[in-house]
Amino acid sequence: MNRRLPVSLLLTLWLPLAGCQVDANATDIAGRDATLAPDAGQAAATGKNGEAGGSAEPAVRQDFAAWVADFRRQALAEGINAVTLAAAFDGVRYLPRIIELDRAQPEFTRQVWDYLDTAVSPARVRQGRAQLAEHREAIRAASRHYGVPAEILVAIWGIESNYGGNFGSFSTIDALATLGYDGRRPDFARSELLAALRILQRGDIDREHMRGSWAGAMGHTQFLPSSFEDHARDGDGDGRRDIWGSIDDVMASTANYLADAGWRQGEPWGAEVHLPADFDYAQTELDVRRASQAWRAQGVQGVRGGGLPALDQASIIAPAGAHGPAFLVGHNFRVIMRYNASTSYALAVALLSERLAGEPGLVGDWPRQEPALSRSQVKRLQQLLNAHGFDVGAPDGVIGPNTRRGLRDYQRSLGQTPDGFATVGLLERLEAD
Ligand SMILES: [Ca+2]
């Protein structure tokens, strides 16, 4: 699979999530790289995506101009016409800010509840209900046609761009040209830039209106150019796929993306569940999959006294370990992760969609007293686990299945509930041992 850029790095305040599960096999819509970005702290969660000016050193400008000239020749050879190339590149700018964002290595992380507080805030719920009413026709039409619930579409819209309030003001051409010339993944950026040129040439949008994140994700629901080519749809029937200006097109495209990713009509994403006291938390990994009735046989129950939704291939996730809420998640939850390959993101979409549908929030409480571990603290934790004989692989500052496994073994050795949730307390204990 392609390793692609995490769109979430568009934020100056980008914060990875602590303890978030990512699916390394998933390719998401905006090309976010699960290995680089353990989660998408979302655009909508953290404020405006301001565009910096294009001043650069003269030598860099000259070098960039040579890169563009070379790329134009390549694009011409691949079928982009001279008119499109002139429109795209005659005024192209190198944007130093994009390179700063591309190279940012955030030290601090956020706990999943802090992310959800923002992603599923009361204001987000209120605005989403207003959008559902205002764009009722467009949303219902896409929902009916593609078989994806209206509330899921609106939740993705809300989390990706705060309902279009913040989808990024960077010129996609400038952003991808800058990344193609000077980014960490030039081949990826060149390939997306070529796709962007094909979109301009086809006439879906013009250069001026083709805008989005610093990483090239475009429009209300943040499609990379290659995702746009494969999955965008013309919802209002005017012959153009306009995910910047037409809510009909935004909804049709988003719904079609999920349908193409395998959304099962009528199947719920999952549900919050109650786990029995003796539950084996080694099972709380996305690659452990069982039918709902098998989980029920282990004592897993619905939180409001009801049964479990009927799901095959369902997993249990407990993002904050034994002292936080747990969830049974099925196939459609994994489809949401195709949009953004993180459990926290998919959980935010799922929970926001429920609130939009008028359902109450979570029953379980998060362990809000637990501070998030920084990236270097996670690295230290990993080094110490290795030193104590609980092999977690090479320390990388990111908590994944190996770290959770080692942590569970360590917790077991202490006689604690082995839930694999990394805390400052466990780090201090390891330091002292
Ligand atoms: Ca259209």
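Throughout, our numbering is defined as the position within the sequence shown, counted from one, plus 55.
Ideal Cβ positions, reconstructed from N, Cα and C, are used throughout, including at glycine.
Remember, predicted model here, so these are calculated numbers, not experimental data.
- Of the residues assessed, Q129 falls on the exposed side of the cut-off, its CB having fewer than 16 other CB atoms within 10 angstroms.
- It is roughly 10 Å from the alpha-carbon of R484 to the alpha-carbon of Q466.
- The beta carbon of G452 lies closer than 8 Å to those of R430, S431, V433, K434, Q437 in the same chain, with the five residues before and after it left out.
- Annotation: the continuous alpha helix (DSSP H) that includes L406 extends over 398 to 411.
- For the pair A307 and A197, the CB atoms are nearer than the 8 Å cut-off.
- A Cβ-Cβ contact shorter than 8 Å links G376 with Y336.
- Relative to the non-hydrogen atoms of ligand 1, the Cβ of S301 comes within a distance shorter than 7 Å of at least one.
- Counting the other Cβ atoms within 10 Å of the Cβ of Q166 gives 16 or more, which makes it buried.
- A direct Cα-to-Cα measurement between W269 and G362 gives close to 44 Å.
- Taking C-beta separations shorter than 7 Å and ignoring five residues to either side along the sequence, the partners of R351 in its chain run L363, following chain order.
- Less than 8 Å divides the Cβ of I372 from the Cβ of V384.
- Assigned with DSSP and collapsed to three states, I194 falls in helix.
- Only residues of its own chain outside the window of five on either side were considered, and among them R127, A130, L131 have a CB closer than 7 Å to the CB of L140, listed in chain order.
- By the beta-carbon neighbour count (other beta carbons within 10 angstroms, threshold 16), R199 is exposed.
- The Cβ neighbour count for S468, taken over all protein chains shown within 10 Å, is under 16; the residue is labelled exposed.
- For L440, the enclosing alpha helix (DSSP H) begins and ends at 430 to 442.
- In this structure, the C-beta of R257 stays at least 7 Å away from each heavy atom of ligand 1.
- Within the same chain, Cβ atoms closer than 6 Å to the Cβ of P450 are found at K434, Q437, Q438, the five residues on either side in sequence being excluded.
- The beta carbons of T276 and S347 sit no closer together than 8 Å.
- For P323, the CB contacts under 6 Å within the same chain, skipping 5 residues up- and downstream, are P364 in chain order.
- Here L383 is bridged, per DSSP, to A326, I371.
- Under the three-state reduction of DSSP, Q320 is assigned to coil, being neither helix nor strand.
- Checking the 7 Å criterion, the Cβ of G219 is out of range of every heavy atom belonging to ligand 1.
- In terms of Cα proximity to L313, the closest of V123, D125, Y201, H264 is Y201.
- Pairing P331 with G360 gives a Cβ-Cβ distance that is not under 8 Å.
- A straight-line Cα-Cα distance of about 10 Å links P473 and G461.
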